[in-house]
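Since the structure comes first, as C-alpha cells, the remarks are kept for the end.
Number of protein chains: 2
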Amino acid sequence: MPEPTLLVLDTDPSPRLGRLTGRVRIRYTDEAGLAGQLPHADALLVWDFTSDAVRAAWPGDGPRPRWVHTASAGVDRLLCPELAASDTVLTNARGVFERPIAEYVLGLVLAFAKDVPGTLQLQRQRRWRHRESQQVAGARAVVVGAGPIGREITRLLMALGVQVALVGRTARRSIHGAEDLDRLAALADWVICAAPLTERTRGMFDARFFGLMQPSARFINVGRGPMVVEDDLADALHRRWIAGAALDVFAHEPLDPGSALWDVPGLIVSPHMSGDTVGWRDRLGEQFVEMYELWAAGKPLPNVVDKRLGYVPVRDRSE
Amino acid sequence: MPEPTLLVLDTDPSPRLGRLTGRVRIRYTDEAGLAGQLPHADALLVWDFTSDAVRAAWPGDGPRPRWVHTASAGVDRLLCPELAASDTVLTNARGVFERPIAEYVLGLVLAFAKDVPGTLQLQRQRRWRHRESQQVAGARAVVVGAGPIGREITRLLMALGVQVALVGRTARRSIHGAEDLDRLAALADWVICAAPLTERTRGMFDARFFGLMQPSARFINVGRGPMVVEDDLADALHRRWIAGAALDVFAHEPLDPGSALWDVPGLIVSPHMSGDTVGWRDRLGEQFVEMYELWAAGKPLPNVVDKRLGYVPVRDRSE
C-alpha cells in the first residue's frame, strides 16, 4: 500500500506530526494552494481552524480527501453543503477545549459577580470604595448548547452552587429542548451560549431575546460570533435591558479596531481565547496523531461530526 | 428581671434589632462614648467592626458586659489582654462570610489564570491580542488558615480540580501544621491567606516567605493586612520573585491614596470587600438576633472565641 498523503492547511509545521514520519507523506498548504492540493490528498488536517478556505476549495464530486479533521470544536467554518453531501468523514477536536472553556466562563461569571472590572478601575484611580458584591451560589444560569462544552460549563457552575438549566436542540433527560429557552432565560441571572453555529442557531440572540432577560442578568458567548446579533446586544446594554455581557467570539474576527463593541458599557471583549490554555496546540497535535493511527489502521474514528446537524452528537450513557 | 442593656458600637441603627423591641434596652454609642457606656452594658454588639475602640475603652476589672459580639470573622481589632483575661464571652460572625469569601478568592484565582486584567486593558486600547491562559484544574494551592473560611476556600478550589493543602496552626487529620508551610509554599501555584491575625501570624508573609515561592506563583490575602509585610510583597513583585498578588486587606485601612501599593505591577488591590455580598448586613443582624435569643434564655452561645487562641476553634467531626 502506498503512503497516504496528508494535507495540512497551515504554513507552520504543527506539533507532534513528526511522530508520523515515514508513514505518511505530509504536504503543507496555505489557503491559496488548497484547491490545487485537495484532489491529491487522502486526509486533510485543518490546523488553521480560523480559515474558511475549505468551503471555497472543496472539490465537490471530484477526487477528494476521505477524511477531514479540524483542530477546533466548531465546524461551521468548513462545513459546506458539498462536504456535507459527500462520503468524507469529518471529525473535530472534542475533548481538548471543554475544561478550559468552562473555567473561562466561570472566571467571567465571578469577574462580573465580584466586580473585578470596577476594582481594577478604582485601583487605577487610587480610590478605596467598598462595594457589595453578588453571591454566585444560588443564582440561576441557562447554558445554551448541550454538547460536551455546555455540559462541562454546567458541571463547574453546579459545583459552585449555581442552579443550571442546560438547553439543547431537543429535550432529553435532564436537558431542556429549545422550546423552553425563552421561559428559562426570563428567570436567569446568567445566560451562557456554548452552542454550535448552525442555521438554527445563527442570530438567535437578538433584541427579542435580550428583551426577555432580566435587567440584572448577564449574557456570555463562548460559542460562535454569528449566533449573536451584535448591534442588538450593544443596544440592550446601552438601554440597560441587561446588566452586562462578555463576548469571546465575534461575527468578524479579529474584531476591527473601529468596532463600536470595544466600548459598550458593561461589555467585556476578549480575543477568542477561552479554550486556549498553555499547551493547547500540543494537545491538539497529540489528538490528531492518535486519530491518524486509528484511521490508518482502518479503525473507527471518534469525534465524527453529524454533517446534517453540524456537530458531534453527544450520546447519553442512558440513551 | 429588669431589661438587660445592649450597647451597640455604631451610630447607625443596625438592621433586625427591631425584633428585640420591648425586651432589651438598646443604647447606641460612637467610639468616643464607648468607655463611659461599657460599665452599664450587659452585652456589647460591635457592629462597626472596623473600629478598634474596644481595646482602649475596655474597663479592665470594673463592671463590664458579660457578652461581646462582633459582626466580623476576625476579632483582632478588639481582643485586648484585659478582655482576654476577663470572664466576658466573646463571639464572632462565623457562618456569614465563608461562602462569599471563598467565591471571591476563586474569582481572583480565575481572573489571574485567565488574565482578565490583561483583557480589560487591551479592550481599552481596542487591541485584539490572543493569549494563552492557564488551566486551574491540576494546579496546586496552599490555603493558610484552617478555620471555616479556609475550609470553604479549599472546598471550592477542590471542586475546580485544584490540589489544595490546608495549613493550620497544628497538624490534624487532612490539615497540615504550620511546620509544613515552607515546603508546601515552595511547590504551590497559589498561596492563599485566610488565617486569623494573632501574634503568631503577624508579619508571617515576608521577604523570606515570598522568596520561597515559585516565580510563576501568586499570593492572595483575604485574612488581615498585618499578616503581610507589605513592603516585602511589593519588592517581591517588582523583582518578579512571584508572578502576582491580590490584597483585599491592608495594615492600614482604607489604603492611603498615596500608598505605593496602588500601582505595584501584578498586584490587585481591593477595598476589604471579599465577604460582603448583597444582604450581608442583614444576615449579620439576623445572626445577632438569633444569638441574643439564646443568650437571653441562658442557653450556650455558638461561635465562642477561644480568647487565648484568638479565633473560634473548629471542632472536626472526627475529633
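Residue numbers (numbering that gives the first Met the number 0), protein chains in the order written: chain A, 0 to 318; chain B, 0 to 318. All C-beta atoms in this analysis are idealised placements derived from N, C-alpha and C, irrespective of residue type, glycine included.
Nonlocal neighbours in the same chain, by C-beta distance under 8 Å from residue i, ignoring five residues either side
{"i": "G176/A", "result": "V166, G167, R168, T169 and A170"}
{"i": "A250/A", "result": "G224, P225, V227 and E229"}
{"i": "E289/B", "result": "none"}
Span separating the alpha-carbon of residue i from that of residue j
{"i": "E318/B", "j": "V303/B", "result": "Residue confidence is low: E318/B scores 39 on pLDDT, short of 50, so the model does not pin down where it sits. Its coordinate-derived value is still stated next. The straight-line gap from Cα to Cα measures roughly 18 Å."}
{"i": "N91/A", "j": "L82/A", "result": "14 Å"}
{"i": "V108/A", "j": "W189/A", "result": "8 Å"}
{"i": "A185/B", "j": "R128/A", "result": "34 Å"}
{"i": "L105/A", "j": "L5/A", "result": "38 Å"}
{"i": "R150/B", "j": "G144/B", "result": "8 Å"}
{"i": "Q134/B", "j": "L43/B", "result": "47 Å"}
{"i": "T10/B", "j": "L37/B", "result": "15 Å"}
{"i": "P1/B", "j": "F287/B", "result": "21 Å"}
{"i": "W261/B", "j": "R282/B", "result": "32 Å"}
{"i": "A52/B", "j": "F218/A", "result": "46 Å"}
{"i": "V7/B", "j": "D181/B", "result": "42 Å"}
{"i": "D305/A", "j": "R15/B", "result": "59 Å"}
{"i": "R239/A", "j": "I25/B", "result": "43 Å"}
{"i": "P299/B", "j": "G284/B", "result": "19 Å"}
{"i": "P3/A", "j": "D247/B", "result": "59 Å"}
{"i": "T197/A", "j": "A101/B", "result": "39 Å"}
{"i": "L183/B", "j": "A136/A", "result": "30 Å"}
{"i": "R63/B", "j": "M203/B", "result": "34 Å"}
{"i": "T69/A", "j": "Y103/A", "result": "22 Å"}
{"i": "L89/B", "j": "V67/B", "result": "5 Å"}
Expected contact under 8 Å - CB spacing of residue i and residue j to nearest Å
{"i": "P264/B", "j": "L236/B", "result": "6 Å"}
{"i": "I241/A", "j": "M212/A", "result": "5 Å"}
{"i": "T87/A", "j": "R65/A", "result": "6 Å"}
{"i": "V313/A", "j": "P147/A", "result": "6 Å"}
{"i": "L77/B", "j": "V45/B", "result": "6 Å"}
{"i": "R223/A", "j": "D75/A", "result": "6 Å"}
{"i": "V95/B", "j": "W279/B", "result": "7 Å"}
{"i": "A110/B", "j": "A110/A", "result": "6 Å"}
{"i": "L159/A", "j": "L155/B", "result": "7 Å"}
{"i": "Q122/B", "j": "V268/A", "result": "5 Å"}
{"i": "P116/B", "j": "L119/A", "result": "6 Å"}
{"i": "R125/B", "j": "P270/A", "result": "Actually they do not touch by this definition, with Cβ atoms about 11 Å apart."}
Beta-carbon contacts of residue i that lie in its chain and below 6 Å, excluding the five residues immediately before and after
{"i": "G322/A", "result": "Within the shown structure, residues of chain A are numbered from 0 to 318, placing residue 322/A beyond reach of any answer."}
{"i": "L308/B", "result": "none"}
{"i": "S215/A", "result": "A242"}
{"i": "A138/B", "result": "V161 and D188"}
{"i": "I153/A", "result": "Here residue 153/A turns out to be Thr, not Ile, going by the sequence shown. So the list reads V142, V163 and L165, once near-sequence residues are dropped."}
{"i": "C79/B", "result": "R54 and W57"}
{"i": "S71/B", "result": "F48 and A92"}
{"i": "A245/A", "result": "L107, I219 and I267"}
{"i": "R201/B", "result": "P225"}
{"i": "I174/B", "result": "A145, L165 and G167"}
Any non-hydrogen atom of the ligand SAH within 7 Å of residue i CB
{"i": "V227/B", "result": "This structure lacks the ligand SAH, and indeed carries no ligand of any kind."}
Own chain, CB closer than 7 Å to residue i, minus 5 neighbours either side, in chain order
{"i": "D114/B", "result": "R130 and S132"}
{"i": "A31/A", "result": "none"}
{"i": "T276/A", "result": "P99"}
{"i": "M157/B", "result": "V163"}
{"i": "D231/B", "result": "D205, A206 and F209"}
{"i": "A233/A", "result": "A259, L260 and V263"}
{"i": "Y291/A", "result": "L19"}
Contact with chain E by residue i, beta-carbon distance below 8 Å
{"i": "H251/B", "result": "Any reference to chain E falls outside this structure, whose protein chains are A and B."}
Original post:
For the region 143–175 of chain B, which segments carrying the beta strand (DSSP E) assignment without a break, of at least 3 residues, lie completely within its bounds, in sequence order?
Top reply: Fully enclosed beta strand (DSSP E) runs of 3 or longer: 162–166.
Subject >> Residues in the region 11–30 of chain B having any Cβ partner in chain A nearer than 8 Å >> reply: When C-beta distances to chain A are compared with 8 Å, every residue of the region 11–30 of chain B stays at or above that value.
Subject >> Whole alpha helix (DSSP H) elements within the region 232–267 of chain B, 4-residue minimum >> reply: Positions of the alpha helix (DSSP H) runs, each at least 4 residues long and wholly inside the region 232–267 of chain B, cannot be given because no such run exists.
Original post:
Looking at chain B, which residues of the region 127–139 of chain A have a Cβ within less than 9 Å of any of its Cβ atoms?
Top reply: Cβ contacts with chain B come from W127, R128, H129, R130, E131, S132, Q133, Q134, V135 and A136.
Subject >> Every unbroken beta strand (DSSP E) within the region 85–118 of chain B, with a cutoff of 3 residues, ordered by chain >> reply: You should have 88–90.
Subject >> Start-end ranges of the beta strand (DSSP E) lying completely within the region 4–73 of chain A, minimum 3 residues >> reply: Listed in chain order, they are 4–8, 24–28, 42–45 and 66–69.
Original post:
Which residues, in chain order, does the region 250–271 of chain A contribute to contact with chain B at a C-beta distance below 9 Å?
Top reply: Listed by position, the residues of the region 250–271 of chain A near chain B (Cβ gap below 9 Å) are E252, P253, L254, D255, P256, G257, S258, W261, D262, L266, I267, V268, S269, P270 and H271.
Original post:
Looking at chain A, which residues of the region 108–120 of chain B have a Cβ within less than 8 Å of any of its Cβ atoms?
Top reply: Of all residues in the region 108–120 of chain B, only L109, A110, A112, K113, V115, P116, T118 and L119 come within less than 8 Å of chain A when Cβ atoms are compared, listed by chain position.
Original post:
Listed in chain order, which residues of the region 143–158 of chain B have Cβ atoms closer than 8 Å to some Cβ of chain A?
Top reply: Residues of the region 143–158 of chain B with a Cβ closer than 8 Å to any Cβ of chain A, in chain order: L155 and A158.
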